[in-house]
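Colleague: The structure under discussion is supplied below as structure tokens; questions concerning it will follow.
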Amino acid sequence: MTKKSRRFRWLTGLALAVLALLLIAVGTGWWLLAGSRAQLDGSRHLAELAHPVSITRDALGTATFTGQSRDDIDVALGYVHAQERFFEMDLMRRMASGELSALVGPAALKLDLNHRRHRLRAVAEAAYARLSPASRHTLELYSEGVNAGLAAMRERPWEYLLLRTRPQPWKPEDCLLVIAAMYLDLNSDGRNQRELRLAQMRAVLPASLTDFLLSPAPEWEAPLQGGLSRSPVVPGANVFDLRQSGSPAGTAKLAATLAPTLEAKRPGSNNFAVGGQLTQSGAAALANDMHLGLRVPDIWFRTRLRYPDASAPNGQRDVVGVSLPGTPAMVVGSNGQIAWGFTNSYGDWLDWVRVQRDPKDPSRYKVPGGWASIQTHDETIQVKGAPSHVLKVEDTRWGPIMGKAPDGTPLALDW
Numbered sequence: 000m001t002k003k004s005r006r007f008r009w010l011t012g013l014a015l016a017v018l019a020l021l022l023i024a025v026g027t028g029w030w031l032l033a034g035s036r037a038q039l040d041g042s043r044h045l046a047e048l049a050h051p052v053s054i055t056r057d058a059l060g061t062a063t064f065t066g067q068s069r070d071d072i073d074v075a076l077g078y079v080h081a082q083e084r085f086f087e088m089d090l091m092r093r094m095a096s097g098e099l100s101a102l103v104g105p106a107a108l109k110l111d112l113n114h115r116r117h118r119l120r121a122v123a124e125a126a127y128a129r130l131s132p133a134s135r136h137t138l139e140l141y142s143e144g145v146n147a148g149l150a151a152m153r154e155r156p157w158e159y160l161l162l163r164t165r166p167q168p169w170k171p172e173d174c175l176l177v178i179a180a181m182y183l184d185l186n187s188d189g190r191n192q193r194e195l196r197l198a199q200m201r202a203v204l205p206a207s208l209t210d211f212l213l214s215p216a217p218e219w220e221a222p223l224q225g226g227l228s229r230s231p232v233v234p235g236a237n238v239f240d241l242r243q244s245g246s247p248a249g250t251a252k253l254a255a256t257l258a259p260t261l262e263a264k265r266p267g268s269n270n271f272a273v274g275g276q277l278t279q280s281g282a283a284a285l286a287n288d289m290h291l292g293l294r295v296p297d298i299w300f301r302t303r304l305r306y307p308d309a310s311a312p313n314g315q316r317d318v319v320g321v322s323l324p325g326t327p328a329m330v331v332g333s334n335g336q337i338a339w340g341f342t343n344s345y346g347d348w349l350d351w352v353r354v355q356r357d358p359k360d361p362s363r364y365k366v367p368g369g370w371a372s373i374q375t376h377d378e379t380i381q382v383k384g385a386p387s388h389v390l391k392v393e394d395t396r397w398g399p400i401m402g403k404a405p406d407g408t409p410l411a412l413d414w
């Protein structure tokens, strides 16, 4: 055998070995991904079910659950949510509780530090303990279904394969954390930066000028009750004169501070209802656009629930709409008799409260009628691939201390 032929055989063997390794890698990847897909066909035995539940899907993927009781429906809904959306559910509970860093590492620490101040996991646990027995039972059944759906997958969801970790079991109180995640999403991440910046604005500018700049625009209003807002009053030249050079002290710095907050997008929604006397069909009509951000997968899960209910017409409940993965609720939909929807009301739900500490004892603060003690909590944030971070949270009766007024007074966020 010549030297040239030996080299050719060696290169051929190397190429075949590389090809074999690639085929093994592709095959292993395909096998793992296939094992993490939802099981859409066949039958499964669930010990959590009292009676069988049928799950079918139409051409658009809408899942129809048909069972003999709402309890069984709740289990089956949790099962399907887990198989198709568990990673989304996990992100939402972790986002609300400030536990994302444990999953993805230091990149999420800043967000966790902000959200952990609200101590929403403790809030969810306390709220769950106060629920009625029937409501706790519903969340327990749903959570059993979630964990059963997760356990039935041949392989963990593919996102956890990439992150080289395993999903944690679902708890009933996690359903409340998913709802809390929606609160954060619709309340500017629970930071109330706009009001804080407006307070800085009022501290620098004349009151009449601030009132003019922040007054509502009546030409955009269409109130169902009451009248339009008053047109803003333009302050006189003695208050602010654009013809004069210069500007009030501190306004340049204020403008730089205000710009990102005032120009930021603000969440909102719209809806309308029309009475039957105004529609061609004679039935009322409801339109609902929730204006949530686009996501992959979509935040909602199209669902239809069918089960016996003595209080329903003909003894059969038939609900069509969208559910929120992580909860057993039909958030928006219709039961054939009524339709319901929701929008972000764009109300003033967050307020800053000035916290007057006791000069002699900073652990106390002034409340109507006397003094109260500041509750201190050390929140440990686990960070994947990095040391844990301990966050000291100071809590008042209004909420956690999260900011400072222009004069340096601590501010508690009342939500």
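The sequence shown begins at 0 in numbering that gives the first Met the number 0 and counts up by one.
No residue lacks a Cβ here, since even glycine has one placed at the ideal position from N, Cα and C.
#1: Going straight from the alpha carbon of residue 36 to that of residue 226, what length do you get?
#2: What distance in whole Å lies between the Cβ atoms of residue 366 and residue 411, which are believed to be in contact at a cut-off of 8 Å?
#3: Check whether the Cβ atoms of residue 67 and residue 148 lie closer than 7 Å to each other.
#4: Taking only the alpha-carbon atoms, compute the straight-line gap between residue 44 and residue 52 and give it to the nearest angstrom.
#5: Which same chain residues end up closer than 7 Å to residue 397 when comparing Cβ atoms and leaving out the 5 residues on each side of it in sequence?
#6: Would you tell me roughly how many angstroms separate the C-alpha atoms of residue 191 and residue 335, rounded to the nearest one?
#7: By DSSP's criteria, residue 320 is part of a beta bridge. Which residues make up the other side?
#8: Closer than 8 Å is the cut-off here; do at least three beta carbon pairs connect the stretch 279-296 with the stretch 125-143?
#9: Give the DSSP-derived three-state secondary structure of residue 128 in the structure shown.
#10: Give me the DSSP bridge partner(s) of residue 388.
#11: Exposed or buried, what is residue 386 when buried is set at 16 or more other beta-carbons lying within 10 Å of its beta-carbon?
#12: Per DSSP, what are the beta-bridge partners of residue 8 in this structure?
#13: Among 356, 217, 375, 371, which has the Cα closest to the Cα of residue 403?
#14: Between which two residues does the beta strand (DSSP E) harbouring residue 286 extend?
#15: Which residue marks the beginning of the beta strand (DSSP E) containing residue 71, and which one marks its end?
#16: Per DSSP, which one or two residues make a beta bridge with residue 413?
#17: Do residue 96 and residue 107 come within 7 Å of each other at the CB atom, strictly closer than that value?
#18: Are the beta-carbon atoms of residue 238 and residue 205 separated by less than 7 Å?
#19: Along the chain, where does the beta strand (DSSP E) that runs through residue 56 open and close?
#20: Using the C-alpha atoms, what's the distance from residue 358 back to residue 299?
#21: Would you mind reading off the limits of the beta strand (DSSP E) that contains residue 221?
#22: To the nearest angstrom, how far is it from the Cα of residue 136 to the Cα of residue 125?
#23: Is the separation between the beta-carbon of residue 77 and that of residue 144 shorter than 7 Å?
#24: Checking the sheet assignment: what are the DSSP bridge partners for residue 363?
#25: If you draw a straight line from the alpha carbon of residue 392 to that of residue 362, how long is it in whole angstroms?
#26: So what does DSSP say about residue 154, is it helix, strand or coil?
#27: If you reduce the DSSP assignment to three classes, tell me which class residue 111 lands in.
#28: Just to confirm my understanding: we take residue 307, look at its own chain, exclude 5 residues before and 5 after, and list those with CB closer than 8 Å. What are they?
#29: Out of 399, 325, 382, 301, point me to the one whose CA is closest to residue 58's CA.
#30: Compute the Euclidean distance between the alpha carbons of residue 269 and residue 340, then round it to the nearest angstrom.
#31: Could you give the C-beta distance for residue 75 and residue 64, rounded to a whole number, given that I count them as a contact under 8 Å?
#32: Whole angstroms are fine: how far does the CA of residue 138 sit from the CA of residue 73?
#33: Of the choices 202, 181, 294, whose alpha-carbon is the least far from that of residue 343?
#34: Evaluate the contact criterion for the stretch 197-212 versus the stretch 170-181: three or more CB pairs, one atom per stretch, below 8 Å.
#35: Can you give the beta carbon distance from residue 176 to residue 70, rounded, assuming they're within the 8 Å contact cut?
Modeller: Reading from the atomic positions:
#1: Computed Cα separation, rounded: 56 Å.
#2: At roughly 11 Å, the Cβ-Cβ gap does not stay under 8 Å, so residue 411 and residue 366 are not in contact.
#3: Between residue 67 and residue 148, the C-beta gap is not smaller than 7 Å, which leaves the two residues out of contact.
#4: A straight-line Cα-Cα distance of about 10 Å links residue 44 and residue 52.
#5: 352, 411, 413, listed in sequence order.
#6: One C-alpha to the other measures close to 40 Å.
#7: Note: residue 320 is bridge-paired with 302, 332 in the DSSP secondary-structure output.
#8: When C-beta atoms of the stretch 279-296 are compared with those of the stretch 125-143, fewer than three pairs fall below 8 Å, so the two segments do not count as touching.
#9: Under the three-state reduction of DSSP output, residue 128 falls in the helix class.
#10: Answer is 380, bridged to residue 388.
#11: Exposed: under 16 other Cβ atoms inside 10 Å.
#12: DSSP, once it has assigned bridges, lists no residue as partnering residue 8.
#13: Check the Cα spacing between residue 403 and each of 356, 217, 375, 371: the tightest is with 356.
#14: Its beta strand (DSSP E) spans residues 284-288.
#15: In the DSSP assignment, residue 71 falls outside any beta strand (DSSP E) and lies within the alpha helix (DSSP H) extending over 69-96.
#16: In the DSSP assignment, residue 413 forms a beta bridge with 350.
#17: No, Cβ-Cβ distance for residue 107 and residue 96 is not below 7 Å.
#18: The Cβ atoms of residue 238 and residue 205 sit closer than 7 Å to each other.
#19: 53-56 is the span of the beta strand (DSSP E), which, as asked, contains residue 56.
#20: One C-alpha to the other measures close to 51 Å.
#21: Counting along the chain, no beta strand (DSSP E) covers residue 221, and no H or E run does either.
#22: Spanning the two alpha carbons is a distance of roughly 16 Å.
#23: Yes. Within cutoff.
#24: In DSSP, residue 363 forms a bridge with 372.
#25: Straight-line measurement puts the Cα of residue 362 at about 12 Å from the Cα of residue 392.
#26: Three-state result, residue 154: coil.
#27: In the structure shown, residue 111 sits in a helix (DSSP, three-state: H, G or I).
#28: Excluding residues within five positions, the ones whose Cβ falls inside 8 Å are 67, 68, 314, 315, 316.
#29: Checking every option, the nearest Cα to that of residue 58 belongs to 301.
#30: Residue 269 and residue 340: Cα-Cα distance of roughly 10 Å.
#31: Beta-carbon to beta-carbon, residue 75 and residue 64 are separated by about 5 Å, close enough to satisfy the 8 Å threshold.
#32: Taking the straight line joining both Cα atoms gives about 8 Å.
#33: Out of 202, 181, 294, 181 has the C-alpha closest to the C-alpha of residue 343.
#34: Segments in contact, no.
#35: In fact, because the Cβ distance is near 23 Å, the residues do not count as touching under 8 Å.
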